[in-house]
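In UniProt numbering, the protein residues as written are 1 to 291.
No residue lacks a Cβ here, since even glycine has one placed at the ideal position from N, Cα and C.
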Amino acid sequence: MKFDLENPLTSSKEHENDTVSALFAAQSDHMPSFFSFKSTDILFSIRHHAFSLISQFSYNLDEFSTYLAVNYIDRFLSKQPVPQNKPWILRLLVIASLSLAAKMRSINLSLFDFQREDVGLIFDVESIQRMEVLILTTLNWRLRSITPFAFLDFINSLFELSDSSLSQTLKDRATDIIFNSHYEVKLFEYKPSILAAWALLCAAQELIPQQFSFFLDAVSKCEYINKEELVNCWAVMRDATINEMTSSSFTPKSVLDYEDTSPENENNSKRRRLSDLRNDQTLHISQLQHC
């Protein structure tokens, strides 16, 4: 069965209460550790290189599959050290992650479809499969990743639009925003549901500014959404990445420009304490030395 990023728990009933609760409860299990990346500049450099490799090897995949592969890579890097003096390991990690994402999405490609002779070393099937096993074990076999896309329909349903046809338009715009902001490491701090809410609010202010305050109020009243985290997410994207996003294909009038100057907002804008999402490491990259 093809893995649907918008419905990772494969529930047959849309927005069923227990399914929604399960999504919000399980989302932290599918996040990379922000502390791991924050503690060293090396991981930032490695991740940047990984993105460059993905752009070379993912030409046969759609955006959702590539997003899923990046999720695997980020979660792996936050748990496993990758030696800088062995760049082939990172290349192998990227190819194996793309391969796993394609399998989850039921895309029929061979392992050699992810490699090009003009971009360096070609790995044999056994080496890629060994890396796939290492990724699976490191991620505790959690490949049905809970991403921001899983929350878009639910959050969108919190607000009754005067024009119902705008619902899909908002969702499509929010999807583009999520794709274009995925590179930002600082977003690791925020749960997928917060990123989904942030992206939808960005889309709402751009597309339906007259109704934005009502949309914001509806989202803020949701029992599953932490308003403080949402405000902090806006601030991070405004202060850290707005220039980069503007220079890319992301060019909306950002919701980050929306300011609530009430005393309550000033209190809520304080950064929440980060929780360490590291999991115990059970395998090490040294196991790849025989690839």
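Asked	Found
Here's the rule I'm using: 16 or more other beta-carbon atoms within 10 Å means buried, otherwise exposed. How should Pro83 be labelled?	exposed
With respect to the alpha helix (DSSP H) encompassing Leu230, which residues constitute its N-terminal and C-terminal limits?	Lys227 to Val236
Can you check whether the CB of Leu200 is closer than 8 angstroms to the CB of Leu152?	yes
Specify the secondary structure class of Gln211 as computed by DSSP and reduced to three states.	helix
On the three-pair Cβ rule with 8 angstroms, is the segment 46 to 65 touching the segment 23 to 30?	no
Using the C-alpha atoms, what's the distance from Asp124 back to Ala197?	42 angstroms
When the Cα of Val185 is compared with those of Leu136, Met237 and Ser157, which residue comes out closest?	Met237
Would Phe114 and Leu100 qualify as a contact pair, given that the criterion is a beta-carbon distance under 8 angstroms?	no
How many whole angstroms separate the CB atoms of Asn71 and Ser145, which I take to be in contact at a CB cut-off of 8 angstroms?	5 angstroms
Within the continuous alpha helix (DSSP H) that includes Asn71, where are the two ends?	Glu63 to Leu77
What would DSSP say about Leu152, mapped onto helix, strand or coil?	helix
For the 8 angstroms Cβ check, are there 3 or more pairs between the segment 106 to 113 and the segment 73 to 83?	no
Leu90 and His49 - do their beta-carbons sit closer together than 8 angstroms?	yes
How would you label Ala235, buried or exposed, when you count the other beta carbons within 10 angstroms and need 16 or more for buried?	exposed
Which residue's Cα is closest to the Cα of Phe57: Ile95, Cys222, Leu187 and Arg173?	Ile95
Leaving out five residues on either side along the sequence, give the residues of the same chain with a beta carbon under 6 angstroms from the beta carbon of Phe76.	Ile135 and Thr138
Flag this pair as touching only if the segment 175 to 191 and the segment 214 to 223 have three or more C-beta atom pairs under 8 angstroms; answer yes or no.	no
Can you look up Trp88 in the DSSP assignment and give me helix, strand or coil?	helix
Going by C-alpha distance, which of Pro209, Tyr190, Ser213 and Gln210 is nearest Ile225?	Tyr190
Cutting at 8 angstroms between CB atoms, please list the residues of its own chain near Glu223, excluding the five before and the five after it.	none
Under three-state DSSP, which class holds Phe112?	helix
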